[in-house]
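Participant: Can you keep this structure in mind? I'll have questions shortly.
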Amino acid sequence: MNEKIRICINDVNRSFTVGEDEGYVLPSETLLQTLRNRLGLTGTKQGCDQGACGNCTVIMDGNAIASCMVLTADCDDRSVTTIEGLEDPVTGELNPLQKAFVDNSAFQCGFCTPGIIMSAKALLDNNPCPTDDEVMESLSGNYCRCISHYQVVEAIHAVIEKGGVNYAGLSIHWQACKPR
2 MNEKIRICIN DVNRSFTVGE DEGYVLPSET LLQTLRNRLG LTGTKQGCDQ
52 GACGNCTVIM DGNAIASCMV LTADCDDRSV TTIEGLEDPV TGELNPLQKA
102 FVDNSAFQCG FCTPGIIMSA KALLDNNPCP TDDEVMESLS GNYCRCISHY
152 QVVEAIHAVI EKGGVNYAGL SIHWQACKPR
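One rule links them: number in our numbering = place in the sequence shown (from 1) + 1.
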């Protein structure tokens with residue numbers, strides 16, 4: 002029996018049929034596979050396929066998740082944001098967090114960067130004034146072999162410290178944040 006599911010991906014409602022027939026989402030297909038292979042959203046990277054590296058991190062219903070560990074069939078009526086969903090849909094301008102990563106040289110080869118940015122975005126959406134310890138905890142599931150997390154932490158704090166930046170619907174003022 003085939004099952005229809007709906008997923009809102011980057012603010013676009015998508016419908017899929019889960020089943021064994023050709024063209025359908027297989028019951029064993031992961032969200033990562035659907036994003037990359039069916040939708041062409043290749044910013045979400047395939048790393049370990051075990052939920053350990055963080056390269057496939059996306060935001061589902063406000064939480065950072067490893068998309069390699071979630072079946073697409075289990076995503077009915079869920080909301081998913083990928084790295085591609087952060088840019089301004091009209092202007093194509095990068096999200097302030099993405100800009101901060103560029104400005105603070107918070108990446109090197111860039112393979113892990115989308116997952117790290119998505120983990121950071123989920124953190125800031127839920128905690129607009131995190132401490133360094135809270136930032137590091139939120140990144141504990143993201144593996145990078147090129148750089149230290151120092152630049153990443155600095156990029157995240159740069160977003161907060163640009164007083165008045167409207168980030169994810171929140172008006173963040175650095176004066177309101179607790180000391181790092």
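Using N, Cα and C, we set each Cβ at its ideal position, and we do this for glycine too.
Check whether the region 39-51 and the region 121-140 are in contact - that is, three or more C-beta pairs closer than 8 Å.
Facilitator: Cβ pair count under 8 Å is below three, so no.
Participant: State the CB to CB distance for the pair D62 and S80, rounded to an integer number of angstroms; the pair is presumed to be in contact (CB under 8 Å).
Facilitator: Contact holds; Cβ gap of about 6 Å.
Participant: Between which two residues does the alpha helix (DSSP H) harbouring V103 extend?
Facilitator: That run of the alpha helix (DSSP H) goes 97-104.
Participant: Less than 8 Å between C-beta atoms, sequence neighbours within five positions excluded: which residues of the same chain meet that for A25?
Facilitator: The displayed chain sequence assigns Tyr, not Ala, to residue 25. Excluding sequence neighbours, Y25 sits near N3, F17, T18, V19.
Participant: Determine the extent of the alpha helix (DSSP H) in which K122 is found, giving its start and end residues.
Facilitator: 114-127 is the extent of the alpha helix (DSSP H) around K122.
Participant: Run the CB neighbour count on S68, radius 10 Å, all protein chains shown included, and call it buried at 16 or more, exposed below.
Facilitator: The residue is buried, with at least 16 neighbouring Cβ atoms inside 10 Å.
Participant: Between S16 and chain D, is any beta-carbon pair separated by less than 7 Å?
Facilitator: Given the protein chain composition of this structure (a single chain), no chain D is represented.
Participant: Using CA coordinates, which residue listed in I157, E138, D126, S141 is at the minimum distance from I60?
Facilitator: The candidate whose alpha carbon is nearest that of I60 is D126.
Participant: Does the count of Cβ pairs from the region 109-120 and the region 76-95 closer than 8 Å reach three?
Facilitator: Yes, the region 109-120 touches the region 76-95.
Participant: Can you name, in chain order, every residue of its own chain whose Cβ lies under 7 Å from the Cβ of C76, other than the five neighbours on each side?
Facilitator: I6, I8, L32, listed in sequence order.
Participant: In whole angstroms, give me the CA-to-CA distance for A101 and T73.
Facilitator: Each residue's Cα considered, the two are about 31 Å apart.
Participant: I'd like to check one pair, G44 with P115: are the Cβ atoms closer than 7 Å?
Facilitator: Their beta carbons are under 7 Å apart, which means P115 touches G44 by this criterion.
Participant: Just confirm the distance between the C-beta atoms of Y144 and G55, as a whole number of angstroms; I'd bet it's less than 8 Å.
Facilitator: So it is a contact: roughly 6 Å between Cβ atoms.
Participant: Quick check on this structure: which residue in N96, E21, V13, D89 has the alpha carbon closest to the alpha carbon of A159?
Facilitator: Among N96, E21, V13, D89, the Cα nearest to that of A159 belongs to N96.
Participant: To the nearest angstrom, how far is it from the Cα of K163 to the Cα of A107?
Facilitator: Going from the Cα of K163 to the Cα of A107 covers about 17 Å.
Participant: Alpha carbon to alpha carbon, how far is G170 from L87?
Facilitator: Per-residue confidence for G170 stands at a pLDDT of 45, beneath the threshold of 50, marking its modelled position as unreliable; no derived number is given.
Participant: Thinking C-beta only, is C57 closer than 7 Å to Q109?
Facilitator: Against a cut-off of 7 Å, the Cβ pair of C57 and Q109 comes out as no contact.
Participant: Is the beta carbon of V153 sitting closer than 7 Å to the one on D133?
Facilitator: Result no, Cβ atoms of V153 and D133 do not sit closer than 7 Å.
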